[in-house]
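See below for the structure under consideration.
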Amino acid sequence: MRDMAARENEMLMDARRRRNHSSLDANNADDEEEPALSSRRHHSKSPPPPPPPPPPPPPPPMPQSSPLLPPSPPSSSSSSSSSSPPSSSISLSGGTTDTDISALISGAIKEALTQFIASNPFPYPRTPPSTPGHTSNSKRYSPKEGSRAYDSNIKQEALKHLTAVQKNKWMNHARQCYRTLTGQPKINDFAGYSLVDEDTVTAFGDGEGPGPQEGDFRLHLGDGWCQLAWNHAIIAAMAETMLHQAREQSIDPILTSEAVKAMI
Numbered sequence: 001m002r003d004m005a006a007r008e009n010e011m012l013m014d015a016r017r018r019r020n021h022s023s024l025d026a027n028n029a030d031d032e033e034e035p036a037l038s039s040r041r042h043h044s045k046s047p048p049p050p051p052p053p054p055p056p057p058p059p060p061p062m063p064q065s066s067p068l069l070p071p072s073p074p075s076s077s078s079s080s081s082s083s084s085p086p087s088s089s090i091s092l093s094g095g096t097t098d099t100d101i102s103a104l105i106s107g108a109i110k111e112a113l114t115q116f117i118a119s120n121p122f123p124y125p126r127t128p129p130s131t132p133g134h135t136s137n138s139k140r141y142s143p144k145e146g147s148r149a150y151d152s153n154i155k156q157e158a159l160k161h162l163t164a165v166q167k168n169k170w171m172n173h174a175r176q177c178y179r180t181l182t183g184q185p186k187i188n189d190f191a192g193y194s195l196v197d198e199d200t201v202t203a204f205g206d207g208e209g210p211g212p213q214e215g216d217f218r219l220h221l222g223d224g225w226c227q228l229a230w231n232h233a234i235i236a237a238m239a240e241t242m243l244h245q246a247r248e249q250s251i252d253p254i255l256t257s258e259a260v261k262a263m264i
């Protein structure tokens, strides 16, 4: 009985050992399979990245063109370019600058002006322009004494210093005195003047005859009347009479004899 119980007990222990051994083998197999599955999952989810693409090739160098002219359009054919007329424009290649172009244009203009002046001379000699700070050698035009321009300059110089009221007084006084002394109410009615004869005027001018008498204000309105000695004597006498009456009438300011003669 004891032997049977010991044998049965031994069989039970042996069965337990086999059971434990099989469970350990199963656990070991699971442990070995799990890293393999994990590794397979890792490799299937994250594939290795592709290699980077090669860098693009550098762009070809652009042809250097002049900054002053736009690029010329390509010719359609070699035959058309050979038959086109030669261009008359200035070539700007070789580093031509704006200063060079300005110099070329300036030189062309000067040359054209020189040729024009040479072929079209001026009717009078040209005086060179005076340099600032230096006195020009050219004389200013001055009208001849006794001429209308000379008298006009003297008259304007005298009247420009007067007020409008003073100027009107003097002009009215000169007109009134002239009408009274010549006996001519209309100054521009030259046909109504009482004139001196030409022989008397010529003799006085040649120093062979007497001049105007006191109170004689007859003029001679023939050719060259502005330069006649007789008329100069008459106008001087009129000016003295006008100045005398202006003082009596208190017309201020009193003008010079030259200014009054210029007004007459």
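For the sequence shown, the UniProt record's numbering assigns the number 1 to the initial residue and increments by one for each residue that follows. In this text, a Cβ means the ideal position worked out from N, Cα and C, and glycines have one as well. Predicted model, so just to flag it, every value in this text is computed and none were measured.
Going by alpha carbons, who is nearest to Leu162 out of Cys226, Leu113, Asp252 and Glu248?
Nearest of Cys226, Leu113, Asp252 and Glu248 to Leu162, Cα basis: Asp252.
Which whole-angstrom value describes the C-beta separation of Asp151 and Ala246, a residue pair presumed to lie in contact below a C-beta threshold of 8 angstroms?
Contact flag wrong, Cβ pair sits at about 19 angstroms.
Can you look up Glu208 in the DSSP assignment and give me helix, strand or coil?
The answer is coil: DSSP assigns Glu208 none of H, G, I, E or B.
Which of the three DSSP states, helix, strand or coil, is assigned to Gln245?
It is helical.
Can you find the residues in the same chain that come closer than 6 angstroms, C-beta to C-beta, to Pro143, ignoring five residues on each side of it along the sequence?
Ala149 and Tyr150
In terms of residues, what are the limits of the alpha helix (DSSP H) holding Trp225?
That residue, Trp225, is in no alpha helix (DSSP H); it is neither H nor E in DSSP.
Cα-Cα separation between Tyr178 and Phe116, rounded to whole angstroms
56 angstroms
Which one of Ala191, Glu258 and Cys226 has the shortest CA to CA distance from Gly205?
Cys226
Between Asn198 and the rest of its own chain, which residues show a CB-CB distance below 8 angstroms, the 5 nearest in sequence each way excluded?
According to the sequence provided, residue 198 is Glu. The question's Asn does not apply to it. Hits under 8 angstroms: His220 and Gly222.
Just the Cα atoms here: how many angstroms apart are Pro56 and Asp98?
Each residue's alpha carbon lies about 40 angstroms from the other.
Give the DSSP-derived three-state secondary structure of Asn188 in the structure shown.
coil
For Ile187 versus Glu258, is the C-beta spacing smaller than 7 angstroms?
no
Of the residues Asn168, Pro54, Ala108 and Gly207, which one's Cα is nearest the Cα of Ala229?
Gly207
Measuring alpha carbon to alpha carbon, tell me which of Asn168, Ser147, Pro210 and Gly215 ends up nearest Thr241.
It is Gly215 whose Cα lies nearest to the Cα of Thr241.
Kindly list the residues whose CB is nearer than 7 angstroms to the CB of Leu255, restricted to its own chain and excluding five residues on each side of it in sequence; keep chain order.
Ala158 and Trp170
Reference Ile234, options Ser250, Gln176, Ile264 and Pro51, closest by Cα:
Ile264
Are Arg175 and Ser194 close, meaning C-beta to C-beta below 7 angstroms?
no
Mark Asn9 as exposed unless 16 or more other C-beta atoms lie within 10 angstroms of its C-beta, in which case mark it buried.
exposed
Hey, how far is the Cα of Gln166 from the Cα of Val201?
36 angstroms
How big is the Cα-Cα spacing for Leu104 and Ser119?
23 angstroms
On the DSSP letters alone, give me the boundaries of the alpha helix (DSSP H) that Arg218 sits inside.
Annotation: Arg218 is outside any alpha helix (DSSP H) and is labelled neither H nor E by DSSP.
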